[in-house]
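Note sheet for the following structure.
In my numbering, the protein residues as written are 3 to 109.
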């Protein structure tokens, strides 16, 4: 029983680690887009001819930032759910280990 729970726990830990990697990757992508947004805002102020092109780029970047923010919220929600699953499995595993130790002590 404990071995089965331990395998499930390991699988859940791996899922959690992947979610953390995805979260970090999304944050990095968002930061890059923020830097691009700042750069393009400066260009927009300095170059009248490029305003239309930069405006489109700003719209795109803003939309991408919103998409990343949505993705970040979703990943954070999934990460929290995974953290809760891990906590439950750890408790279950500890109970199983304690029951196993108790049964061994009585034998």
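Beta carbons: idealized from backbone N, C-alpha and C, even for Gly.
Under 8 Å between the Cβ atoms of residue 18 and residue 90?
No, the pair does not count as a contact, with Cβ atoms beyond the cut-off.
Could you say if the segment 41–51 and the segment 7–25 meet the contact criterion of at least three C-beta pairs nearer than 8 Å?
Result no; under three Cβ-Cβ pairs closer than 8 Å.
Looking at C-alpha atoms only, which residue of 92, 87, 70, 61 is the closest neighbour of residue 40?
61
Spell out a yes or no on whether the segment 22–29 and the segment 86–105 are touching, meaning 3 or more CB-CB pairs, one atom from each, closer than 8 Å.
Contact fails: fewer than three Cβ-Cβ distances are below 8 Å.
Once DSSP output is grouped into helix, strand and coil, what is the label at residue 3?
coil
Ignore the nearest five residues each way along the sequence and tell me which others in residue 77's own chain have a CB closer than 8 Å to its CB.
Cβ within range, chain order: 21, 24, 25, 28.
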